[in-house]
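Numbering (this note's numbering), first residue to last: -4 to 82.
Quick reminder that beta carbons are idealized off the backbone N, C-alpha and C, glycines included.
To start, the structure under review is shown below, and the notes come after it.
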């Protein structure tokens, strides 16, 4: 029982996303662009979809162009619902 309690918890209940940093102009906040390809339902053509998400970056460690992994967290501010876990 003690061995299980000593292990760090690595699972999360929220979404984990990969993206590229496009802005670091705010304090402790970065903007991450998430790209995905979706297939058009009628014509079958693949369409590139992009979404920009604000994420918490404690210490301002990320720079524009970095590839980061973000995870869903509790609401940090009006627009921030994600935090950086890996750079």
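In this structure, the straight-line span from the alpha carbon of residue 49 to that of residue 77 is close to 7 Å. Straight-line measurement puts the Cα of residue 32 at about 9 Å from the Cα of residue 45. If you compare the alpha carbons of 70, 62, 67 with that of residue 13, the shortest gap goes to 62. Residue burial annotation: residue 23 is exposed, with fewer than 16 other C-beta atoms found within 10 angstroms of its C-beta. Pairing residue 47 with residue 28 gives a Cβ-Cβ distance under 8 Å. Inclusion of residue 80 and residue 64 in the CB contact set at 8 Å is warranted, their separation being smaller than that value.
In terms of Cα proximity to residue 56, the closest of 42, 16, 10 is 16.
For residue 71, the three-state secondary structure derived from DSSP is coil.
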